Amino acid sequence: MIGRAVHPNLLRLRGFCMTPKERLLVYPYMANGSVALCLREHPPSQPPLDWPSRKRIALGSARGLSYLHDHCDPKIIHRDVKAANILLDEEFEAVVGDFGLAKLMDYKDTHVTTAVRGTVGHIAPEYISTGKSSEKTDVFGYGILLLELITGQRAFDVARLANDNDVMLLDWMLV
Numbered sequence: 001m002i003g004r005a006v007h008p009n010l011l012r013l014r015g016f017c018m019t020p021k022e023r024l025l026v027y028p029y030m031a032n033g034s035v036a037l038c039l040r041e042h043p044p045s046q047p048p049l050d051w052p053s054r055k056r057i058a059l060g061s062a063r064g065l066s067y068l069h070d071h072c073d074p075k076i077i078h079r080d081v082k083a084a085n086i087l088l089d090e091e092f093e094a095v096v097g098d099f100g101l102a103k104l105m106d107y108k109d110t111h112v113t114t115a116v117r118g119t120v121g122h123i124a125p126e127y128i129s130t131g132k133s134s135e136k137t138d139v140f141g142y143g144i145l146l147l148e149l150i151t152g153q154r155a156f157d158v159a160r161l162a163n164d165n166d167v168m169l170l171d172w173m174l175v
């Protein structure tokens, strides 16, 4: 189903390979890696993302998520929106990738109930407490992505404890 979701801001499955021991998915090469990589692990010769690029990434990510939620039937709930799962093509256009935790949701449903999965720091509190995910779960993750784009900080960073700061970016921002 996800292979049929075609949008410029979604990673497109190109094909797959199967051997007796392996199953491989084939995706296009993303020349600039992930947003996480560009924000925190860029080579010294390359500057961090400039503000126009960050804005373009935010808008492209939003367009990709909007397509999953509003134009796919059934809806696709990503459930793991984070900087590491937003990839950047050769022109630094955002491409939402890694649909390993994605769930399909019928338009008549308000949520899907599942075991909680995702990445610490990006999981919506109501999803943690109820196991119910919806497009709102992705919107929370997108909000954390925006905080990461603005601050350059990780959503969950144990290193912040050394400075008596909060481990969670959201808590750190609210101080």
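Just so you know, we're using full-length UniProt numbering here: the sequence shown kicks off at 1 and counts up by one. Positions of the beta carbon are idealized from the N, C-alpha and C atoms, including for glycine. This structure is a prediction, so every number in the text was calculated from the model and none was measured.
- Close CB contacts of leucine 101 within its chain, under the 6 Å cut and outside five residues either way in sequence, are with Arg79, Asp80 and Arg117 (chain order).
- Burial of arginine 54 is indicated by the presence of at least 16 other C-beta atoms within 10 angstroms of its C-beta.
- Where glycine 64 is concerned, there is no enclosing beta strand (DSSP E), although the alpha helix (DSSP H) around it starts and stops at 51 to 70.
- DSSP places arginine 23 in the uninterrupted beta strand (DSSP E) bounded by 23 to 26.
- Take the alpha-carbon of leucine 59 and the one of cysteine 38: they are about 17 Å apart.
- Isoleucine 76: member of the beta strand (DSSP E) spanning 75 to 77, first to last residue.
- By the Cβ test, the region 79 to 95 is in contact with the region 140 to 150, since at least three Cβ pairs between them sit closer than 8 Å.
- Between the region 66 to 79 and the region 102 to 114, the count of C-beta pairs closer than 8 Å reaches three or more; the two stretches touch.
- A direct Cα-Cα distance of roughly 16 Å separates leucine 10 from glycine 141.
- Rounded to the nearest angstrom, the gap between the Cα atoms of glutamine 153 and glycine 97 is 21 Å.
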